[in-house]
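In my numbering, the protein residues as written are 4 to 405. Here a beta-carbon is modelled for each residue, glycine too, at the ideal position from N, C-alpha and C. It should be emphasised that the depicted structure is a prediction, and the values quoted were computed from it without experimental measurement. Working notes, beginning with the structure itself.
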Amino acid sequence: MSAENFLSRRAAAVQSSSTLAIGAEIKRLVADGQDIINLCAGEPDFDTPVAIRQAATRAMAEGQTRYTPVAGLPMLRQAIVAKLQRENELHYEEQQVLVSCGCKHSLYNLFQAVLNPGDEVIIPAPYWTSYPEMVMLAGGQPMIVSSTMAEGFKLTAAQLQQAVSPRTRAVLINSPNNPSGACYSAAELRALAEVLMLHEQVLVISDDIYEHLQWSGGPFRNIVNIEPQLQARTVVCNGVSKAYAMTGWRIGYAAGPAPIIAAMTRIQSHSTSNASAISQAAAIAALEGSQDTVEEFCRTFRQRHDYVYGRLEQMPDVQCRPATGTFYLLPDFQPAMARNGTSDDVAFAQWLLERAGLAVVPGSVFGAQGQQRISFASDTPTLERAMDRLQDALAVRKGRQG
Ligand SMILES: Cc1ncc(COP(=O)(O)O)c(C=O)c1O
Numbered sequence: 004m005s006a007e008n009f010l011s012r013r014a015a016a017v018q019s020s021s022t023l024a025i026g027a028e029i030k031r032l033v034a035d036g037q038d039i040i041n042l043c044a045g046e047p048d049f050d051t052p053v054a055i056r057q058a059a060t061r062a063m064a065e066g067q068t069r070y071t072p073v074a075g076l077p078m079l080r081q082a083i084v085a086k087l088q089r090e091n092e093l094h095y096e097e098q099q100v101l102v103s104c105g106c107k108h109s110l111y112n113l114f115q116a117v118l119n120p121g122d123e124v125i126i127p128a129p130y131w132t133s134y135p136e137m138v139m140l141a142g143g144q145p146m147i148v149s150s151t152m153a154e155g156f157k158l159t160a161a162q163l164q165q166a167v168s169p170r171t172r173a174v175l176i177n178s179p180n181n182p183s184g185a186c187y188s189a190a191e192l193r194a195l196a197e198v199l200m201l202h203e204q205v206l207v208i209s210d211d212i213y214e215h216l217q218w219s220g221g222p223f224r225n226i227v228n229i230e231p232q233l234q235a236r237t238v239v240c241n242g243v244s245k246a247y248a249m250t251g252w253r254i255g256y257a258a259g260p261a262p263i264i265a266a267m268t269r270i271q272s273h274s275t276s277n278a279s280a281i282s283q284a285a286a287i288a289a290l291e292g293s294q295d296t297v298e299e300f301c302r303t304f305r306q307r308h309d310y311v312y313g314r315l316e317q318m319p320d321v322q323c324r325p326a327t328g329t330f331y332l333l334p335d336f337q338p339a340m341a342r343n344g345t346s347d348d349v350a351f352a353q354w355l356l357e358r359a360g361l362a363v364v365p366g367s368v369f370g371a372q373g374q375q376r377i378s379f380a381s382d383t384p385t386l387e388r389a390m391d392r393l394q395d396a397l398a399v400r401k402g403r404q405g
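Below, the structure is given as structure tokens:
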């Protein structure tokens, strides 16, 4: 019998993370000496601030190297409670917070805790690539609702109302959004909240991981800030990865109704136990220390955004909408693709890689066929060279097709 036959239906069906796979392949080509500019990065290009690294060193020196409570160190959970109060004006008790191995793990635990076979989860597209797979791994059914660039890549209240069914168990809201960089305004969240208030069987999942990387014109607001009554059925997922350049430390957290957090904690107790003790000590320093670097990171990303967006805007056959957060843009290359007789964004990404030495992530990975995700988590000289290459490639392509 072939070893494949041992795989569960679940394991046989799950796709590996396309963004991680593409990123790993590009890194391999670069290590092989190929001249490729990598615009696939899903993480800040900055180092973790020194004070945070020092906190981890101290924790190791002091011997904080053992298991912690499953839900996280009490000091970290208190720091998260304080952060949610200070920055988000949201009140939670310590038992309403679970620390996990990254926000991805928080979401994974959550789907495992709340989904029964066939339960539907509304996922607005463009979406982060892991949502549908995580839902399916928990036996749920992703219900993708697509928004176009013209709609600002955002779910409307009317779309939400239409998508809700008696089987809807949850809806995901990710603002600022990976991969589009779009942020929901207070009015847009209000409109969604009004629909959600009519459907009390729907749990709200607010993925706030990019909250600190936004320039939409006001302070970050999530749907619970807009409609406090939703707090009783919202789970806020967040972490330190993006704001503090701590992707490798693997610390995320969820805050929500105590029974849901308790169920997630039980599930985690049988999988990873606790997140790394040393990383937890570092996360305390991140949340309680100076927030100056967070603001500096955001300013830098905004400058880079303005540069890349400005260049894309001038390119023929590229349509782009400015982002108001994250470190991504999601330009539409369909005019350029159409000229080449293809509607396949994967083939187009491959063409850009081979012809221009430029690595981007095809939009279909995010449910956004025809677009390409460009990450500007690279320094400005790299972005300048990348945009020159892209411009040249599109010009050559235009010349070629006459
Ligand atoms: C929208 C979104 N949510 C969650 C995550 C997971 O972040 P973490 O590194 O904390 O697991 C990512 C990472 O790319 C993301 O883009």
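If we ignore side chains and look at the alpha-carbon of each, how far apart do residue i and residue j end up?
i, j, result
"Leu315", "Gly75", "44 angstroms"
"Thr68", "Ala278", "11 angstroms"
"Val368", "Ser168", "26 angstroms"
"Asp382", "Gln232", "43 angstroms"
"Tyr130", "Ser150", "10 angstroms"
"Gln322", "Ile25", "24 angstroms"
"Asp335", "Leu356", "17 angstroms"
"Arg172", "Gln162", "16 angstroms"
"Ala288", "Pro77", "14 angstroms"
"Ile226", "Asp35", "46 angstroms"
"Gln404", "Asn343", "Unreliable positioning characterises Gln404 in this predicted model, as indicated by a pLDDT of 44, which lies under 50. A coordinate reading is not provided."
"Ala389", "Leu361", "7 angstroms"
"Ala82", "Leu332", "32 angstroms"
"Ala15", "Leu113", "22 angstroms"
"Ser302", "Thr327", "Contrary to the premise, residue 302 reads as Arg rather than Ser in this sequence. Approximately 12 angstroms between the Cα atoms of the pair."
"Arg12", "Leu110", "22 angstroms"
"Leu93", "Leu87", "5 angstroms"
"Gly184", "Val73", "33 angstroms"
"Asn181", "Thr329", "7 angstroms"
"Val148", "Glu154", "12 angstroms"
"Ala128", "Gln306", "26 angstroms"
"Ser219", "Arg193", "16 angstroms"
"Phe300", "Gln317", "26 angstroms"
"Cys240", "Pro325", "25 angstroms"
"Lys30", "Leu23", "10 angstroms"
"Ser210", "Ala54", "Reading off the sequence shown, one finds Asp at residue 210, where the question assumed Ser. If I take the Cα positions, the gap works out to 27 angstroms."
"Ser21", "Ile270", "26 angstroms"
"Glu387", "Ala380", "13 angstroms"
"Glu191", "Phe223", "13 angstroms"
"Gln144", "Leu206", "15 angstroms"
"Tyr312", "Lys157", "19 angstroms"
"Gln283", "Val117", "26 angstroms"
"Ser160", "Val198", "Looking at the sequence itself, residue 160 is Ala, so the reference to Ser does not match. In a straight line, the C-alpha of Ala160 is about 6 angstroms away from that of Val198."
"Ile125", "Ser276", "29 angstroms"
"Arg253", "His308", "26 angstroms"
"Ala417", "Tyr70", "With the chain covering only 4 through 405, there is no way to say anything about residue 417."
"Tyr213", "Ser178", "7 angstroms"
"Asn119", "Arg170", "10 angstroms"
"Gln234", "Leu290", "22 angstroms"
Return yes when the C-beta of residue i is under 6 angstroms from any heavy atom of ligand 1, and no when it is not.
i, result
"Cys323", "no"
"Ile212", "yes"
"Gly408", "One cannot answer for residue 408 here, as it falls past the ends of the chain, which runs 4 to 405."
"Asn177", "yes"
"Trp252", "no"
"Lys107", "yes"
"Ser11", "no"
"Leu36", "Looking at the sequence provided, one finds Gly at residue 36 rather than Leu. It does not: the Cβ of Gly36 is nowhere closer than 6 angstroms to a heavy atom of ligand 1."
"Asn181", "yes"
"Trp131", "yes"
"Ser149", "no"
"Gly370", "no"
"Ser168", "no"
"Gly45", "yes"
"Gly142", "no"
Residue i CB to nearest chain C CB: under 7 angstroms?
i, result
"Leu93", "The structure shown contains no chain C; it holds only a single protein chain."
If contacts are defined as beta-carbon pairs under 8 angstroms, then residue i and residue j qualify, I think. What distance do you get, rounded to the angstrom?
i, j, result
"Thr385", "Tyr247", "Actually they are not in contact, since the Cβ atoms of Thr385 and Tyr247 sit about 22 angstroms apart, beyond 8 angstroms."
"Val174", "Ile208", "7 angstroms"
"Leu101", "Thr345", "45 angstroms between Cβ atoms; not a contact."
Would you say the beta carbon of residue i is closer than 6 angstroms to some non-hydrogen atom of ligand 2?
i, result
"Ser219", "With respect to ligand 2, the structure shown offers nothing to examine, as its ligands consist of ligand 1."
Counting Cβ pairs closer than 8 angstroms, one from the region 256-275 and one from the region 40-50, do we hit at least three?
no
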